[in-house]
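What follows is one structure encoded as structure tokens, with my remarks underneath.
Residue numbers (the working numbering): 79 to 190.
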């Protein structure tokens with residue numbers, strides 16, 4: 079089976095979603111992304127990435143009930159799929175292998 083590669087932002091979105099303890103929808107994910115990364119991120123970038131990850135099979139989504147606070151609109155809740163979990167575990171293993179391959183002291187800053 080051909081491996082699907084993830085971009086850095088896609089990976090971070092998956093990690094944030096995996097770390098959510100409550101049902102995850104766009105605003106929650108967006109807030110957590112900004113808090114965890116310290117970046118300013120547009121909501122449209124988050125939504126585009128969530129839908130792209132769903133198309134790739136890493137996420138699934140379902141609509142929740144309509145709420146008065148949203149003017150009767152429904153929230154779309156996202157969840158990690160088995161394929162999404164597998165992708166994150168593969169990325170974690172690859173990164174650990176790469177970090178372990180760096181010789182001791184190689185990343186020391188000059189003059190420190």
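C-beta atoms are modelled at their ideal positions from N, C-alpha and C, and glycine is treated no differently.
Residue range of the unbroken beta strand (DSSP E) whose run includes residue i
i, result
"residue 158", "152-158"
Per DSSP, the bridge partner or partners of residue i
i, result
"residue 141", "154"
"residue 102", "156"
Residue i, buried or exposed, once every other Cβ within 10 Å from all chains shown has been counted against 16
i, result
"residue 167", "exposed"
"residue 79", "Low local confidence applies: a pLDDT of 49 at residue 79 is under 50, so the model's placement there is unreliable, and no value is given."
"residue 43", "Residue 43 lies beyond the stretch modelled for the chain, which goes from 79 to 190, so this question has no answer here."
"residue 115", "exposed"
"residue 105", "exposed"
"residue 177", "exposed"
"residue 158", "buried"
"residue 185", "exposed"
Cα-Cα separation, residue i to residue j
i, j, result
"residue 122", "residue 160", "26 Å"
"residue 142", "residue 152", "6 Å"
"residue 163", "residue 136", "8 Å"
Element boundaries [alpha helix (DSSP H), containing residue i]
i, result
"residue 96", "86-97"
"residue 128", "121-134"
Proximity below 8 Å, CB of residue i to CB of residue j
i, j, result
"residue 165", "residue 84", "yes"
"residue 111", "residue 156", "no"
"residue 132", "residue 139", "yes"
"residue 100", "residue 169", "no"
"residue 154", "residue 103", "yes"
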